Every structure is written in C-alpha cells, then in structure tokens.
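*Asks:*
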Amino acid sequence: MQNIATERRRFFRVDDTISLSYRLIDEATVNSGLNALMSQMSAEFSLAASLDVLSQQAALFIQRLESQNPEMMALYKILDGKINAIAQATMIIGSDVNPKNYQDVNLSATGLAFYQSSPLQIGQHLAIEIFLPTTVALILAYSKVINCQQIEPDRFLISLDYTHIREDDQELLIKHVLRKQWQIRQDQATAPNY
Numbered sequence: 136m137q138n139i140a141t142e143r144r145r146f147f148r149v150d151d152t153i154s155l156s157y158r159l160i161d162e163a164t165v166n167s168g169l170n171a172l173m174s175q176m177s178a179e180f181s182l183a184a185s186l187d188v189l190s191q192q193a194a195l196f197i198q199r200l201e202s203q204n205p206e207m208m209a210l211y212k213i214l215d216g217k218i219n220a221i222a223q224a225t226m227i228i229g230s231d232v233n234p235k236n237y238q239d240v241n242l243s244a245t246g247l248a249f250y251q252s253s254p255l256q257i258g259q260h261l262a263i264e265i266f267l268p269t270t271v272a273l274i275l276a277y278s279k280v281i282n283c284q285q286i287e288p289d290r291f292l293i294s295l296d297y298t299h300i301r302e303d304d305q306e307l308l309i310k311h312v313l314r315k316q317w318q319i320r321q322d323q324a325t326a327p328n329y
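In this text, residue positions in the sequence shown follow our numbering: the first is 136, and each later residue adds one.
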C-alpha cells in the first residue's frame, strides 16, 4: 500500500487563482462522509461535471467540423460560450462564490494550499467550496488541515488534504490542473526572450 506522500506525488500541482470559501465542520459531519457531502450539494455542483462530459463528447465532432465547415465551428464556439456563461451564473447563485473570495492557491486533485491572515489548527476539518472560473466548475469537498505555517506576523500558509470529494469532482480538478499546466507551458514557449 502506498503511503500518503507517495500518493500525493501522483498528482500534479499548479498555482492558480480561484474562488475559495470554507466553513469549519465537526467530526460527526466528517464521519458521515460522502453521504452528508452529497446531501449538501445542489444541482449546481454537478452541472460542471455534466458539462465536461458533454464537451468530451462534442470534441469527437469538433475536429471534423473545424476542417469541413469553419463557419459552423465559429457558431459552435459562440453557442458554447453562451452555455458556459449561463452555467457560470447558475452555479454562482446560492454559493459563496464572490470576487472577494478569489485568491491565489496551490491546487491539486488531492488538496490545496492558500494564504490567510489567521491560523487554522492542524487536524481541523473544513467544508470547502471551490469555483474554478476557467472550467466553470463548482466543487464542494471536505478537507483536513495538514499544515499551518506562519510566513509573516499576519500571514499563514494553510495546507489541506481532501478527505471526501466526489470522484467526478476529482476528475474535474485533474483536468483543470493539466489544462492550467499546459497553458503555462504554452505561455512560456511563446514569451519573448530578451
């Protein structure tokens, strides 16, 4: 059986800017596991996973459409953009997504790290809400504080591991991290050398 450090290394990590909010939860909530987590989720949380599956299905046709009918492809991109805008607005309603909650994080499919002005106790359980604006995904997960490091007098680096997360949401995180890494590499490759 792999240890936790080895397991964590299996997943890529990336620095990103996302909307993140959390609330403290008790041991009883954590022990009720995914069932409790799923009961808290509204339809908005599964919308991103559904849209991602549909996008994968559409990808099979996009390559042919791009070469055979560029005008139809342009229309598809416009309609896809409209659908994503509606999905984003729908997911934001009733969630804690707020531009004030956007912050820089280090993100992976197994956990995340972020900075804040107050410490959290190691071992504390949190219900976290993550909004990934680039993939229009809203994710709710239970997590546990695994490290709290004071960087400056009023600045702490908080590291979390997800303890309960839907498999579909973990897949969304994996895809998001890989897309973000690919974009970073593309930006570096096209950056002018001075």
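Every residue, glycine too, gets a C-beta built ideally from N, C-alpha and C. These numbers were taken from a predicted model, which means no experiment stands behind them.
1. Can you name the start and end residues of the alpha helix (DSSP H) that ARG314 belongs to?
2. Whose C-alpha, out of ALA244, ALA209, GLN238, ALA272, is nearest the C-alpha of ALA220?
3. Write down the C-beta distance between LEU261 and ARG148 rounded to the nearest angstrom, noting that I regard them as a contact closer than 8 Å.
4. Under three-state DSSP, which class holds THR298?
5. Nearest-angstrom Cα distance between LYS310 and TRP317?
6. In the DSSP output, which residue or residues are listed as bridge partners for LEU292?
7. Do you know how far the Cα of LEU307 is from the Cα of MET208?
8. Are the beta-carbon atoms of GLN256 and VAL280 separated by less than 8 Å?
9. Of the residues SER294, GLY246, ALA194, GLN251, which one's Cα is nearest the Cα of GLN305?
10. I need the straight-line Cα distance from LEU313 to LEU242, nearest angstrom please.
11. Hey, quick one: how far does the beta strand (DSSP E) through THR152 stretch, first residue to last?
12. From this set, GLN284, THR298, ARG320, SER190, which residue's C-alpha is nearest SER253's C-alpha?
13. Can VAL326 and ILE293 be called in contact, C-beta distance under 8 Å?
14. Excluding five sequence neighbours on each side, which residues of the same chain lie with their C-beta closer than 8 Å to the C-beta of ILE160?
15. Does the beta carbon of LEU242 sit closer than 8 Å to a beta carbon anywhere in chain B?
16. Please identify the residue among ALA193, ASN204, LYS315 whose C-alpha is closest to the C-alpha of ASP215.
*Replies:* Put simply:
1. In the DSSP assignment, ARG314 falls within the alpha helix (DSSP H) that extends over 302-325.
2. Taking only the C-alpha atoms, the option nearest ALA220 is ALA272.
3. Actually they do not touch by this definition, with Cβ atoms about 19 Å apart.
4. DSSP, reduced to helix, strand and coil, places THR298 within a strand of the structure shown.
5. Here the alpha carbon of LYS310 sits roughly 10 Å from the alpha carbon of TRP317.
6. Residue pairing by DSSP puts LEU292 in a beta bridge opposite TYR250, GLN284.
7. Whole-angstrom Cα-Cα distance: 25 Å.
8. For the 8 Å CB-CB criterion, GLN256 and VAL280 form a contact.
9. Looking at the Cα atoms, GLY246 is the closest of the given residues.
10. Their backbone Cα atoms lie some 11 Å apart in a straight line.
11. Boundaries of the beta strand (DSSP E) harbouring THR152: 149-160, taken from the DSSP string.
12. Minimum Cα distance to SER253 is reached at GLN284.
13. It is Ala, not Val, that sits at residue 326 in the sequence shown. Contact: no.
14. By the criterion of a C-beta distance shorter than 8 Å, ILE160 is surrounded in its chain by HIS260, LEU261, ALA262, TYR277, once the five residues flanking it on both sides are discounted.
15. No chain B appears in the structure shown, which is made up of a single protein chain.
16. Residue ALA193 is the option with its Cα nearest to ASP215.
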